[in-house]
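Visitor:
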DNA sequence: GGTTGGCATGCGAGACTCGCATGTCTTGGA
DNA sequence: TCCAAGACATGCGAGTCTCGCATGCCAACC
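Protein chains in written order, with our numbering: chain L, 2 to 300; chain F, 2 to 300.
1) Who are the Cβ neighbours of residue 78 of chain F in its own chain at under 7 Å, not counting the five residues just before and after it?
2) Look at the Cβ atom of residue 268 of chain L, then the Cβ atom of residue 149 of chain L, and state whether they are nearer than 8 Å.
3) Indicate the three-state DSSP secondary structure (helix, strand or coil) for residue 64 of chain F in the structure shown.
4) By alpha-carbon positions, which one of L:87, L:226, L:42 and L:137 ends up nearest to residue 244 of chain L?
5) Answer yes if the segment 137-148 of chain F comes into contact with the segment 258-276 of chain F, meaning at least three C-beta pairs across the two stretches below 8 Å, and no otherwise.
6) Examine chain L for any beta-carbon lying closer than 8 Å to the beta-carbon of residue 170 of chain F, and answer yes or no.
7) In this structure, what does DSSP give as the bridge partners for residue 49 of chain F?
8) Report all residues from its chain with a CB closer than 8 Å to the CB of residue 25 of chain F; omit the five preceding and five following residues, and keep chain order.
9) Is the separation between the beta-carbon of residue 122 of chain L and that of residue 247 of chain L shorter than 8 Å?
10) So that I know if they touch, is there some Cβ in chain L lying closer than 8 Å to that of residue 161 of chain F?
11) The ligand ZN and residue 27 of chain F: does the residue's C-beta get closer than 7 Å to at least one heavy atom of that ligand?
12) Go ahead and pull the three-state DSSP assignment for residue 183 of chain L.
13) Are the CB atoms of residue 249 of chain L and residue 105 of chain L within a distance shorter than 8 Å?
14) How would you list, in chain order, the residues of chain F whose beta-carbon sits under 8 Å from the beta-carbon of residue 10 of chain L?
15) Quick one: list the residues of chain F neighbouring residue 64 of chain L, beta-carbon separation under 7 Å, in chain order.
16) Answer with buried or exposed for residue 233 of chain L, where buried requires no fewer than 16 other C-beta atoms within 10 angstroms of its C-beta.
17) Run through DSSP, which three-state label would residue 81 of chain L get?
18) If you reduce the DSSP assignment to three classes, tell me which class residue 240 of chain L lands in.
19) Show which residues of chain F have a CB atom less than 7 Å away from the CB atom of residue 71 of chain L.
20) Could you tell me the alpha carbon to alpha carbon distance between residue 7 of chain L and residue 157 of chain L, rounded to whole angstroms?
21) Alpha carbon to alpha carbon, what distance is there between residue 103 of chain F and residue 71 of chain F?
22) Please confirm if the segment 72-91 of chain L is in contact with the segment 137-144 of chain L, defined as three or more CB-CB distances below 8 Å between the two stretches.
23) Kindly identify the DSSP beta-bridge partner or partners of residue 72 of chain L.
24) Buried or exposed for residue 127 of chain F, please, with buried defined as at least 16 other CB atoms from any protein chain shown within 10 angstroms of its CB.
25) Apart from the five residues on each side of it in sequence, which residues of its chain come closer than 8 Å, Cβ to Cβ, to residue 142 of chain F?
26) For residue 125 of chain L, would you say it is in contact with chain F, using Cβ-to-Cβ distances shorter than 8 Å as the test?
27) Which residue's Cα is closest to the Cα of residue 34 of chain L: L:23, L:237, L:144 and L:295?
28) In chain order, what residues of the segment 97-121 of chain L put their CB closer than 9 Å to some CB of chain F?
29) Which same chain residues end up closer than 7 Å to residue 207 of chain F when comparing Cβ atoms and leaving out the 5 residues on each side of it in sequence?
30) Hey, how far is the Cα of residue 58 of chain L from the Cα of residue 160 of chain F?
31) With distance defined between alpha-carbon atoms, name the residue in F:83, F:92, F:69 and F:73 nearest to residue 82 of chain L.
32) In or out: residue 14 of chain F buried (at least 16 other Cβ within 10 Å) or exposed?
33) Just list the beta strand (DSSP E) runs in the segment 250-285 of chain L, keeping only unbroken ones of 3 residues or longer that don't cross its boundaries, in chain order.
34) Specify, as a first and last residue, the run of the alpha helix (DSSP H) that residue 15 of chain L falls within.
35) Can you tell me the Cα-Cα spacing of residue 182 of chain F and residue 257 of chain F, whole angstroms?
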């Protein structure tokens with residue numbers, strides 16, 4: 002059945018005349034006559050009594066009219082919804098990110114998206130890069146904000162990646178530390194410090210970076226949480242590396258000083274969307290906003 | 002938009018594959034591919050992500066799927082309703098009748114229709130032939146049960162008439178009347194009686210019929226209501242004519258004797274439906290039932 | 001009784017839809 | 001590494017559908 006038949010039927014029912022309906026719809030009277038005939042044949046019932054002047058709905062026509070109006074309204078609603086979705090007046094974005102992206106990058110981007118498109122629903126979940134990429138691949142996420150060195154990123158499940166920025170490393174020092182007022186610090190200057198690390202595994206950023214500088218850091222404390230690391234630093238127990246994205250949440254009684262860019266490899270930060278298929282307009286927009294926010298943060 | 006597109010879309014969404022959907026619908030894969038493409042073009046959005054193995058709904062596809070299912074369900078409902086209406090499992094009949102048809106003809110017919118088709122709603126209204134025909138013409142009634150002499154019927158607004166039966170006249174007599182046990186009475190035998198008439202106008206049945214028998218009836222009382230006429234007769238105040246259809250409601254303490262058929266013109270009883278257009282199946286059925294019941298009553 | 005208004009229909013041009021065969025791309029196995 | 005299999009896209013041609021035009025037919029109205 003062609004929905005045009007229903008539109009014609011509705012117009013005829015409203016106007017009470019094939020000719021009038023044809024005029025309003027831009028058809029000829031003949032086309033209207035045939036479409037009504039087609040609908041009557043399809044429904045196997047007479048929808049209009051043909052009078053000397055115009056037509057009148059039969060009882061079965063009244064039955065059908067209710068349904069026809071509902072169907073046409075619903076189709077209209079469908080078109081409306083799809084248009085709204087395309088123009089970001091509806092929809093949903095499920096975004097996942099690594100922990101420190103949640104300090105300011107992701108919330109700032111979400112806030113900016115919500116401000117511009119308040120009808121888009123945004124949900125968020127934390128996770129490690131590998132988990133996020135897997136959830137993306139299984140369509141549990143629309144956008145994943147990942148970080149990692151090139152080889153780590155390459156090892157992830159397929160995804161469409163947008164490089165947002167590279168993440169410089171900084172070092173967090175107790176407030177009164179001798180280097181606390183420097184604008185840049187070389188890693189080598191910290192060879193004798195007590196270090197607070199996130200883990201003691203060899204692939205850890207600190208260890209490999211320090212090795213390249215020719216020393217083996219003395220890891221005095223292993224502390225996973227950034228908030229706890231800060232406590233150790235503030236207490237003067239040691240120093241620790243801080244990714245740039247986490248700097249905004251550093252407590253005021255510690256100093257955070259950039260490392261010289263040559264001393265640590267830069268971790269890339271990426272916005273990932275599903276490899277196959279088209280991201281939703283809202284997801285695509287969020288990636289753009291993430292890109293903007295990242296530029297603002299780093300630049 | 003062709004609703005077949007929506008059916009194809011739904012099938013593909015359920016199966017996750019053009020090929021599978023094609024198999025279940027009896028199409029080729031190529032037809033499915035084209036219909037989905039047509040729907041996507043019509044909606045101006047991509048409904049499925051094409052994967053290496055099958056397809057997956059996009060977010061806009063999920064939006065549309067809800068609407069598509071609703072539309073298809075509604076269309077299904079429409080077909081179901083029309084079928085139910087045609088087979089008297091739904092619908093409505095508004096029937097009107099002259100007063101004495103309400104004594105037993107019309108209620109018996111309605112009862113019989115309701116017994117066979119309990120889902121058909123029947124409503125009823127009383128009225129004079131002219132009113133009923135007018136309401137029929139303005140589609141306020143579906144069936145009108147009329148009575149009248151041929152010239153009266155001919156003067157009514159156009160309607161499709163079914164002749165149900167002719168209505169013999171009887172005379173109601175006080176229980177102890179000298180003619181009370183007769184099987185037939187000639188009008189002439191009642192020339193000297195006191196008459197109870199419904200009106201005193203010259204076109205009244207009694208007067209014209211009596212005139213043809215060569216006497217002018219002595220109308221002692223003018224009483225409109227049949228129930229009241231019975232009271233006058235029972236009290237021995239006179240005699241009155243009774244149409245056959247009202248006999249069933251005669252009180253037991255009066256006698257009702259058929260008049261000789263030659264003595265009064267027979268009034269016809271008709272079931273009328275709209276002149277133009279098709280009566281609903283339920284209305285048509287009611288006319289048939291009225292015909293049956295009338296045959297039972299008179300025959 | 002002619003005229004007018006309004007629905008139905010024969011006809012032909014153009015558009016659409018389908019199936020068939022084939023192309024393209026990805027995946028997975030030899 | 002290459003080939004086979006699976007799955008969607010697409011060129012092509014036959015058949016069907018739909019439209020507008022012109023005309024027919026019918027009832028109503030002047």
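Backbone N, C-alpha and C fix where the C-beta goes; we use that ideal spot for every residue, glycine too.
All of these numbers come straight from a predicted model, not from anything done at the bench.
Guide: Walking through what the data contain:
1) When the five nearest sequence neighbours on each side are left out, no beta carbon in the same chain lies closer than 7 Å to the beta carbon of residue 78 of chain F.
2) yes
3) helix
4) L:226
5) With the rule of 3 Cβ pairs closer than 8 Å, the segment 258-276 of chain F counts as touching the segment 137-148 of chain F.
6) no
7) F:58
8) Within the same chain, 12 and 16 come within 8 Å of residue 25 of chain F by CB-CB distance, once the 5 residues on both sides are set aside.
9) no
10) no
11) In the structure shown, the ligand ZN is absent, as is every other ligand, since no ligand is present at all.
12) coil
13) Yes, these two residues count as a Cβ contact at 8 Å.
14) Within 8 Å Cβ-Cβ: nothing; residue 10 of chain L doesn't reach chain F, min ~11 Å.
15) 82, 83 and 86
16) buried
17) helix
18) Three-state DSSP puts residue 240 of chain L in a strand.
19) 75
20) Residue 7 of chain L and residue 157 of chain L: Cα-Cα distance of roughly 51 Å.
21) 46 Å
22) no
23) Answer is none; residue 72 of chain L lacks a bridge partner.
24) That one is exposed.
25) 95, 96, 97, 126, 133 and 136
26) no
27) Ranking the options by Cα distance to residue 34 of chain L, first place goes to L:23.
28) none
29) 196, 198, 218 and 242
30) 18 Å
31) Among F:83, F:92, F:69 and F:73, the Cα nearest to that of residue 82 of chain L is on F:69.
32) Classification of residue 14 of chain F: buried, given that the 10 Å Cβ count is 16 or more.
33) 255-259 and 268-275
34) Boundaries of the alpha helix (DSSP H) harbouring residue 15 of chain L: 4-16, taken from the DSSP string.
35) 9 Å
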